[in-house]
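J.: Protein chains in written order, with this note's numbering: chain E, 1 to 237; chain S, 1 to 237.
A single structure is presented below for examination.
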DNA sequence: ACCAGCCTCGCTATTTTGGGGGAGGGTAGA
DNA sequence: TCTACCCTCCCCCAAAATAGCGAGGCTGGT
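Okay, here's the thing in structure tokens:
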């Protein structure tokens, strides 16, 4: 079993483009003998890409209908931390139920598990396994393979990150301690007067920090600067 | 080996407070025969807590000196995705090197590996293993145990999430599509006029969205609202 | 069928930010 | 050493955001 996992990880590691990941998902599907494996990834500039075994028809349909905006799997995972079984999601709306029926018609399994992972710059990835089976069979499958799947999901993420860094990487400008403190207070909702009082400096000085931070971050205004500082993991609210 | 991992995970699962996690870190340390295991967590409202085997002296010192703001492990992991060996971090500044020497003096290992994980609402967790050893021994240890450690780290996260939800959980307010779009444009640095033009609505209407978002997010001003929307994963820049 | 919530538009006055200048002392890295 | 960057303080004025009112049409869920 250990060796199998090793081989599966390697099939991901050996990918050198999105096509390679695609191939890896097919290998995984065959290995586990289930219906689908899908890896979906949003990079730090909001571009999406995916690799997986869903039929092209379904992918086209999904894009055409902009299902991304209402897919309970996506919406649910954006709010979660842990791997989530599709059954735990909110399918209560009419649109969601219709979407699910349509998905099953297009060959997506009636059972699914999605593992969400987040990166430091707004990256968001979803590793999904899906199959057609009853609740008990599915629960057994998950119980057996959850950990391996998490490891494999992680390999996918590593690969996706490599691809992104292969592109243009932002060098992440360093802010001075006072600048960071200032940005943190602003991110907490203070205005300049409050933040200055908190930092025990004049409002003028505070302004200097904010402007310095703005310039370093290439931001157009304070809100933008705070947003960038947050996205880049420079500060935490 | 498998059974050992199972037992370790259970020791985490059985924790029903932070003290329980503390106990679990001690068990892990003894199991692996290394110097330290530390789990550090920032929840969605910015409160931090930790469980681990560092000496109280070091923890006190760390807090007193506000090392959180300059600790290269924290700063580095805030920018990363994958588990990171401490050797890969940026120790070039004098302050960082002094910090490292001091840490070693306080019993922290000279080798370390930290696994960062992010949640949907700005939660950020760090699972760290540390020991005193040479590069080769450490590399071997990591190579052998990385995957198990990732699984264990995940158990910690699951537990931390439970604790948070047990307390007062922010119900994650849902923003309407237009509100989200508005917040996204603001996060990109547009002012109200530009965002309104982009959305093809009047500036007044845009203002309504911003205020609605502000109220839903409990934010004091626009910058705060954008910061919260970002930290909670509602928008991506 | 109804209600909640979304989307759209309007006004005025006050508060907060942003842009443009400077200036001097302190400290860490090359 | 010495240079670059950090920290701190000051002025004036234009531009932008916020607070407080309000109103009507449309859609989705119960």
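Don't be surprised by glycine CBs; every beta carbon is placed ideally from N, CA and C.
Hey, would you say residue 108 (chain E) sits closer than 9 Å to residue 58 (chain E), going by beta carbons?
T.: yes
J.: Using a Cβ-Cβ cut-off of less than 7 Å, list which residues of the segment 148–161 of chain S approach chain E; keep chain order.
T.: 150, 151, 154, 157, 158 and 161
J.: Quick test of your reading: residue 91 (chain E) and residue 116 (chain E), contact by CB under 8 Å. State the CB separation rounded to the nearest angstrom.
T.: At roughly 18 Å, the Cβ-Cβ gap does not stay under 8 Å, so residue 91 (chain E) and residue 116 (chain E) are not in contact.
J.: Measure the beta-carbon distance from residue 290 (chain E) to residue 187 (chain E) and round it to whole angstroms, keeping in mind my assumption that it falls under 8 Å.
T.: Coverage of chain E is limited to positions 1 through 237, which leaves residue 290 (chain E) absent and any answer about it impossible.
J.: Would you list, in chain order, the members of the segment 217–232 of chain E that have their beta-carbon closer than 8 Å to a beta-carbon of chain S?
T.: 219, 220, 221, 222, 223, 224, 226, 227, 228, 230, 231 and 232
J.: State buried or exposed for residue 162 (chain E), treating a residue as buried only when at least 16 other CB atoms are found within 10 Å of its CB.
T.: exposed
J.: Could you check whether the Cβ of residue 90 (chain E) sits closer than 8 Å to any heavy atom belonging to the ligand COA?
T.: The ligand COA is not part of the structure shown, which contains no ligands of any sort.
J.: How is residue 218 (chain E) classed by DSSP in three states: helix, strand or coil?
T.: coil
J.: Taking CB distances under 9 Å as the criterion, tell me whether residue 65 (chain S) reaches chain E.
T.: no
J.: Please confirm whether residue 237 (chain E) has its beta-carbon closer than 9 Å to some beta-carbon of chain S.
T.: yes
J.: Is it a yes or a no for the segment 120–130 of chain S touching the segment 190–206 of chain E, going by three-plus beta-carbon pairs under 8 Å?
T.: no
J.: Can you find a CB in chain E that lies within less than 9 Å of the CB of residue 142 (chain S)?
T.: no
J.: My assumption, with CB atoms under 8 Å, is that residue 128 (chain E) sits in contact with residue 113 (chain E). Please give the rounded CB distance.
T.: 7 Å
J.: Does the distance from the CB of residue 238 (chain S) to the CB of residue 132 (chain S) come in under 9 Å?
T.: No information on residue 238 (chain S) is available, as it lies outside the stretch 1 to 237 that chain S covers here.
J.: Among S:175, S:7 and S:70, whose alpha-carbon lies nearest the alpha-carbon of residue 215 (chain S)?
T.: S:175
J.: Would residue 8 (chain E) count as contacting chain S if we go by Cβ distances under 9 Å?
T.: no
J.: Can you give me the start and stop residues for the beta strand (DSSP E) that residue 125 (chain E) sits inside?
T.: From DSSP, the beta strand (DSSP E) with residue 125 (chain E) extends over 124–131.
J.: If you measure beta-carbon to beta-carbon, which residues of the segment 192–216 of chain S are closer than 8 Å to chain E?
T.: none
J.: Please classify residue 206 (chain S): is it buried, with 16 or more other beta-carbons within 10 angstroms of its beta-carbon, or exposed?
T.: buried
J.: Taking only runs that begin and end inside the segment 47–97 of chain S, name each unbroken alpha helix (DSSP H) of 4 or more residues, in chain order.
T.: List check, alpha helix (DSSP H) in window: 56–64 and 72–78.
J.: Among E:6, E:5 and E:53, whose alpha-carbon lies nearest the alpha-carbon of residue 23 (chain E)?
T.: The shortest C-alpha separation from residue 23 (chain E) is found at E:53.
J.: Identify whether residue 169 (chain E) lies in helix, strand or coil by the three-state DSSP scheme.
T.: At residue 169 (chain E) the pLDDT is 49, less than 50, meaning the model places this residue with poor confidence; the figure from the coordinates comes in the next sentence. In the structure shown, residue 169 (chain E) falls within a coil segment according to DSSP collapsed to helix, strand and coil.
J.: Looking only at its own chain, which residues have a Cβ that is under 7 Å from the Cβ of residue 212 (chain E), when we skip the five neighbours before and after it?
T.: Short of 7 Å from the beta carbon of residue 212 (chain E), and not among the five residues preceding or following it, lie these beta carbons of its own chain, in chain order: 179.
J.: Going by other Cβ atoms of all chains shown within 10 Å of its Cβ, with 16 needed for buried, is residue 168 (chain E) buried or exposed?
T.: The predicted position of residue 168 (chain E) is uncertain, since its pLDDT is 48 and thus under 50; no value can be drawn from it.
J.: So, is residue 219 (chain E) buried or exposed, given that buried needs 16 or more other C-beta atoms within 10 angstroms?
T.: buried
J.: By Cβ distance below 7 Å, which residues in the same chain neighbour residue 43 (chain S) in space, the five residues on each side in sequence not counted?
T.: Sequence-distant Cβ neighbours of residue 43 (chain S) in its own chain, meaning closer than 7 Å and more than five residues away, are 123 and 164.
J.: Is it the case that the Cβ atoms of residue 87 (chain S) and residue 135 (chain S) are separated by a distance below 9 Å?
T.: Contact flag set, yes.
J.: Anything in the segment 12–42 of chain E with a Cβ closer than 9 Å to a Cβ of chain S? List those residues in chain order, please.
T.: Within the segment 12–42 of chain E, contact with chain S at the beta-carbon level (separation under 9 Å) is assigned to 42.
J.: Does any residue of chain S have a CB that is nearer than 9 Å to the CB of residue 82 (chain E)?
T.: With 9 Å as the cut-off, residue 82 (chain E) counts as an interface residue toward chain S.
J.: Note down, in chain order, every chain E residue with its Cβ under 7 Å from the Cβ of residue 119 (chain S).
T.: 81
J.: For a contact meaning CB atoms closer than 9 Å, what does residue 188 (chain E) contact in chain S?
T.: 46, 220, 224 and 227
J.: Measure the C-alpha to C-alpha separation of residue 125 (chain E) and residue 81 (chain E) and round it to an integer number of angstroms.
T.: One C-alpha to the other measures close to 12 Å.
J.: Hey, is residue 113 (chain E)'s beta-carbon within less than 9 Å of any beta-carbon in chain S?
T.: no
J.: Can you tell me where the beta strand (DSSP E) holding residue 116 (chain E) begins and where it ends?
T.: Looking at the DSSP string, the run of the beta strand (DSSP E) that includes residue 116 (chain E) is 111–118.
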